[in-house]
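Encoded as structure tokens, the structure appears first; notes follow it.
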Amino acid sequence: MYFRGELKNGIKVIMEKIPYIKSVSVGVFINVGTKDESENNNGISHFIEHMIFKGTEKRDAKDIAKEIDNLGGQMNAFTSSEYTCYYVRVLDKHLTTAVDILSDMLNNPKFSEEDIANEKRVILEEINMYLDSPEDVVFDMIHEIMFKGTPLSFPVLGTKETVKNLDRKTLIDYYNKYYRPDNMVITVIGNYNEKEIIDILNNYFSRKPSCKNIVRDKSSSLPSLKPCILGKQREFEQVNFCLGTEGIKRDNEEKYSLYIINNFFGGSVSSILFQKIREERGLAYSVYSTPVSFKNAGIFTIYAALSNKEILNVARLIKEEIIKFKKNLIGKSDLLKLKEQLKSSYILEMESTFGRMLEIGSSELLTGDALTLEEVLNKINKVSLDDIKRVTEKIFDSSKFNIAYVGNISNIEDTNAKLKEIFFS
878 MYFRGELKNG IKVIMEKIPY IKSVSVGVFI NVGTKDESEN NNGISHFIEH MIFKGTEKRD
938 AKDIAKEIDN LGGQMNAFTS SEYTCYYVRV LDKHLTTAVD ILSDMLNNPK FSEEDIANEK
998 RVILEEINMY LDSPEDVVFD MIHEIMFKGT PLSFPVLGTK ETVKNLDRKT LIDYYNKYYR
1058 PDNMVITVIG NYNEKEIIDI LNNYFSRKPS CKNIVRDKSS SLPSLKPCIL GKQREFEQVN
1118 FCLGTEGIKR DNEEKYSLYI INNFFGGSVS SILFQKIREE RGLAYSVYST PVSFKNAGIF
1178 TIYAALSNKE ILNVARLIKE EIIKFKKNLI GKSDLLKLKE QLKSSYILEM ESTFGRMLEI
1238 GSSELLTGDA LTLEEVLNKI NKVSLDDIKR VTEKIFDSSK FNIAYVGNIS NIEDTNAKLK
1298 EIFFS
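First residue of the sequence shown: 878, per my numbering; consecutive thereafter.
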């Protein structure tokens, strides 16, 4: 059972008390991410996330780190395509101190020129690290082609050029535009005093005045689903291959059918792809499928890391298994087992206060309707064989396939032509 409320300045709050544990997780979700960026300022959402940890007038960066360490707590943040999250996990007796630190960081960042210059160097190294990860590179490529023409095609970290060009005024203007009460959700999960918690949050978070809602273009996040193949030559040891197709957006109940299909097709060690490509043929170490849901769109991806000599063989196997799967759909007994598997994994994920905080906070921020554990389990139970058939036809429509790969491929044009023949002929 969730408690929903609102602070004096309009910040939405959603909380769940778990009295039998000794910890509490607090998350502050800001409705800002890559989706709000342009080609010129790409990476700014992530850059500001870094700057929030660089200190305030009251605390410098070292003070923040020390205070959290002294509590024995954990504090971190991340930026995604759709939102930015700052979170802290501490013992329940340290809740007020943790909220004080978190609110000070978010409400009073310094944005000093020295810190900005230093953090540019840090983030440029982060980009270098990312570019050395072929798995990350190929997923950026699939987003680039599937969301072409929209901000969701941009990398979360930005590019080296856009990061270098960010200045203090640009950062502060962007911060002031998005870090505001109407654009935030605070989530508190764990053991807390129900009589005191709203007063604590109001005391530290309601100092920032309320303002008018941000107007967004809701259509800008919809993906382009025209078939496309993008290959890049890089001196990696393996080829990293990704097939992307239409998925299910975040607030569409068909996503539960997709989760079931995913577990059966490529999302588990007993799945079709893992067993066929890795266990039976030994063609890849890492092979899996995964659904990604955004507020206004969704994609479904199939990934494999393999020898450059095997890319076409693995592509043929993936295509064969897709065809077989469409002809021999999940049966009644398998559906029951898959529902239990999905429900179990969801329950285990929600056992963690962090996992619970993340799921509840992001859902409340993006859809305004975070479901309880029982509500999610009921929706999984309601998935029918007809639902599975309908979603299968949707995601495995080859006219919407997009392919990206990166690795040591000698002839990109020839490989593209052969992949086109495999998937689109």
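From the three backbone atoms N, C-alpha and C, an ideal C-beta is built for every residue, glycine too.
### Task
Using the Cα positions of N1129 and N947, report the straight-line distance between them to the nearest angstrom.
Straight-line Cα distance between these residues: approximately 43 Å.
### Query
Between the Cα of D913 and the Cα atoms of T1027, I1004, E1290, which residue gives the shortest distance?
The option with the nearest alpha carbon to D913 is T1027.
### Message
Going by DSSP, what residue range makes up the beta strand (DSSP E) through V901?
### Response
Judged by DSSP secondary structure, V901 falls within the beta strand (DSSP E) whose first and last residues are 900-907.
#### Entry: Of the residues M1234, F1177, M1227, the one placed nearest V1253, counting alpha carbons only
Taking each of M1234, F1177, M1227 in turn and checking the Cα distance to V1253, the smallest one comes out for M1227.
### Query
Can you tell me whether DSSP reads K1209 as helix, strand or coil?
When secondary structure is reduced to three states using DSSP, K1209 falls in the helix class.
### Query
Between the beta-carbon of D1050 and the beta-carbon of C1088, is there less than 9 Å?
For the pair D1050 and C1088, the CB atoms are not nearer than the 9 Å cut-off.
### Residue from I891, V1169, R1084 with nearest C-alpha to S958
When only C-alpha atoms are compared, the closest one is V1169.
### Query
Nearest-angstrom Cα distance between A938 and P1032?
The C-alpha of A938 lies about 27 Å from the C-alpha of P1032.
### Query
Who are the near neighbours of S1096 in its chain, counting only those whose CB is closer than 8 Å to its CB and skipping five residues on each side?
Low confidence applies here, because S1096 scores a pLDDT of 47, under 50, leaving its location unreliable; read the following figure in that light. So the list reads N1173, once near-sequence residues are dropped.
#### Entry: Helix, strand or coil at I888 according to DSSP, with G and I counted as helix
In this structure, I888 counts as coil in the three-state DSSP scheme.
### Query
Under the three-state reduction of DSSP, which class applies to M878: helix, strand or coil?
Looking at M878 - three-state DSSP - the assignment turns out to be coil, as it is neither helix nor strand.
#### Entry: Exposure label - D1044; buried when at least 16 CB within 10 Å
Burial call: exposed.
### Query
Going straight from the alpha carbon of K935 to that of V967, what length do you get?
For K935 and V967, the distance between alpha carbons rounds to 21 Å.
### Message
Measuring only the C-alpha atoms, how far is Y1136 from D1211?
### Response
Cα-Cα distance, rounded: 14 Å.
### E990 versus E1002 - alpha carbon distance
Near 19 Å, if we compare the C-alpha coordinates of E1002 and E990.
#### Entry: Secondary structure of G1238, DSSP reduced to three states
Helix.
### 9 Å Cβ cutoff met for F1151 and I1272
Not closer than 9 Å, so no.
### Task
Tell me whether the beta-carbon of T1064 lies closer than 9 Å to the beta-carbon of I1237.
Between T1064 and I1237, the CB-CB gap stays under 9 Å.
### Message
Given a cut-off of 9 Å on the beta-carbon distance, is the pair V1036 and I1004 in contact?
### Response
According to the sequence as given, residue 1036 is Thr; it is not Val. Result yes, Cβ atoms of T1036 and I1004 sit closer than 9 Å.
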